[in-house]
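A short worksheet on the structure shown next.
And the structure:
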């Protein structure tokens with residue numbers, strides 16, 4: 001019991017902090033990158049903004065560790081040490097013969113493991129080093145937690161690859177069943193530490209499979225926003241689908257049963273989407289509604305921007321997920337009392 005009471009806050013603070021870091025680092029790009037893509041031919045100067053948003057995504061390990069430090073009320077020295085370890089364990093900085101190269105946002109699972117180890121080490125050290133804290137703590141946390149994270153990066157990455165292989169088997173199934181399962185799988189991924197974008201690009205899903213993945217994420221995003229709208233601010237609620245529903249990661253891991261209504265919504269959305277021939281690409285499959293990437297790529301898949309096709313996109317990416325979320329919220333919260341809005345509460349003060 002003592003171990004649980006000691007580790008519990010560390011685990012939850014780590015998950016909550018990483019969820020915040022993901023939003024801070026990735027929302028800027030999610031909000032404007034797709035719009036800027038269409039404006040670039042007329043306004044090439046806007047490329048500077050995409051450079052900045054790419055830099056923000058690159059700094060995901062730092063923002064996540066900083067948020068964990070603030071959530072856990074760690075000292076500036078401890079927080080800075082955690083940031084150093086996070087950079088070492090995230091895997092998006094690589095040492096080459098010509099120096100360091102940085103690419104992507106890193107492996108979120110290994111990032112979480114590295115930050116957790118660093119956080120645990122900091123709690124065990126406490127204030128024992130006293131005047132030597134500023135000299136020794138950054139080195140100890142960097143070498144022990146960061147070094148461990150560097151060693152676990154490859155095996156942890158293989159876990160995601162294995163999940164991708166399993167998900168890729170859905171492509172061999174009948175189209176409607178495939179779409180249902182693909183939507184459920186990506187709805188789960190988007191609120192887990194695993195990167196939905198990374199899985200989608202790794203297995204190269206395309207066509208109906210990618211469209212279903214998008215619709216599953218969209219269904220999860222709107223469901224989480226609506227389930228917790230009474231407990232969260234307007235901005236936080238909007239962040240679920242304009243940014244990423246991964247902000248709910250800690251709440252769902254703490255209460256796994258909350259996955260059930262969300263995954264049911266995703267399965268229904270994916271199945272219906274298959275009848276409308278909603279498609280996507282490997283690069284769009286993991287984004288959902290964020291930055292309008294999923295809807296716009298699905299519209300491009302029709303090869304004809306008629307009002308009918310635009311209506312189909314609006315129906316599948318907006319009307320249907322909102323309707324499913326409202327109906328399921330009424331059923332699971334009001335009638336079955338399966339959850340309450342406070343289960344999805346997020347506090348960013």
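In full-length UniProt numbering, the protein residues as written are 1 to 349.
The beta-carbon is built from N, C-alpha and C at its ideal position, and this holds for glycine as well.
Backbone secondary structure at residue i - three-state DSSP
| i | result |
| --- | --- |
| residue 96 | strand |
| residue 174 | coil |
| residue 285 | coil |
| residue 266 | helix |
| residue 1 | Low confidence applies here, because residue 1 scores a pLDDT of 46, under 50, leaving its location unreliable and the question unanswered by this model. |
| residue 72 | coil |
| residue 41 | coil |
| residue 149 | helix |
| residue 143 | helix |
| residue 354 | This structure cannot speak to residue 354, because the chain is shown only from 1 to 349. |
| residue 14 | helix |
| residue 229 | coil |
| residue 346 | coil |
| residue 126 | coil |
| residue 306 | coil |
| residue 338 | coil |
| residue 243 | coil |
| residue 257 | helix |
| residue 181 | helix |
| residue 8 | helix |
| residue 120 | helix |
| residue 59 | coil |
Of the listed residues the options, nearest to residue i (C-alpha basis)
| i | options | result |
| --- | --- | --- |
| residue 215 | 168, 184 and 56 | 184 |
| residue 66 | 265, 52 and 86 | 86 |
| residue 88 | 148, 192 and 238 | 148 |
| residue 25 | 305, 289, 239 and 309 | 239 |
| residue 334 | 53, 227, 60 and 320 | 227 |
| residue 233 | 317, 345 and 168 | 345 |
| residue 195 | 203, 160 and 177 | 160 |
| residue 186 | 347, 286 and 48 | 286 |
| residue 261 | 54, 73, 172 and 326 | 326 |
| residue 93 | 47, 115, 153 and 269 | 153 |
| residue 338 | 274, 319, 257 and 273 | 257 |
| residue 11 | 95, 115 and 50 | 115 |
| residue 328 | 15, 264, 31 and 45 | 264 |
Cα-Cα separation between residue i and residue j, rounded to whole angstroms
| i | j | result |
| --- | --- | --- |
| residue 377 | residue 56 | The structure shown does not extend to residue 377, since the chain is modelled only from 1 to 349, so the question has no answer here. |
| residue 340 | residue 81 | 38 Å |
| residue 6 | residue 254 | 16 Å |
| residue 1 | residue 297 | Caution is warranted here: a pLDDT of 46 is assigned to residue 1, below 50, making its placement in the model unreliable, and the coordinate value is therefore given only provisionally. C-alpha separation (whole angstroms): 50 Å. |
| residue 212 | residue 132 | 55 Å |
| residue 324 | residue 130 | 56 Å |
| residue 164 | residue 197 | 11 Å |
| residue 192 | residue 259 | 11 Å |
| residue 230 | residue 342 | 8 Å |
| residue 284 | residue 307 | 22 Å |
| residue 102 | residue 313 | 36 Å |
| residue 47 | residue 177 | 41 Å |
| residue 135 | residue 59 | 25 Å |
| residue 51 | residue 319 | 33 Å |
| residue 158 | residue 150 | 14 Å |
| residue 123 | residue 305 | 57 Å |
| residue 23 | residue 9 | 21 Å |
| residue 83 | residue 42 | 39 Å |
| residue 38 | residue 95 | 35 Å |
| residue 300 | residue 217 | 19 Å |
| residue 128 | residue 332 | 49 Å |
| residue 248 | residue 235 | 14 Å |
Cutoff 7 Å: residue i Cβ touching any chain C Cβ
| i | result |
| --- | --- |
| residue 227 | Of the protein chains in this structure there is only one, and it is not chain C. |
Residue j beta carbon less than 7 Å from that of residue i
| i | j | result |
| --- | --- | --- |
| residue 126 | residue 106 | no |
| residue 250 | residue 19 | yes |
| residue 282 | residue 201 | yes |
| residue 17 | residue 68 | yes |
| residue 108 | residue 13 | no |
| residue 209 | residue 266 | no |
| residue 141 | residue 121 | yes |
| residue 33 | residue 291 | yes |
| residue 27 | residue 243 | yes |
| residue 222 | residue 293 | no |
| residue 61 | residue 113 | no |
| residue 317 | residue 309 | no |
| residue 21 | residue 63 | yes |
| residue 350 | residue 203 | As shown, the chain starts at 1 and ends at 349. That puts residue 350 outside it, with no answer to give. |
| residue 180 | residue 118 | no |
| residue 137 | residue 49 | no |
DSSP bridge partner residues for residue i (one or two, in chain order)
| i | result |
| --- | --- |
| residue 102 | 93 |
| residue 207 | 280 |
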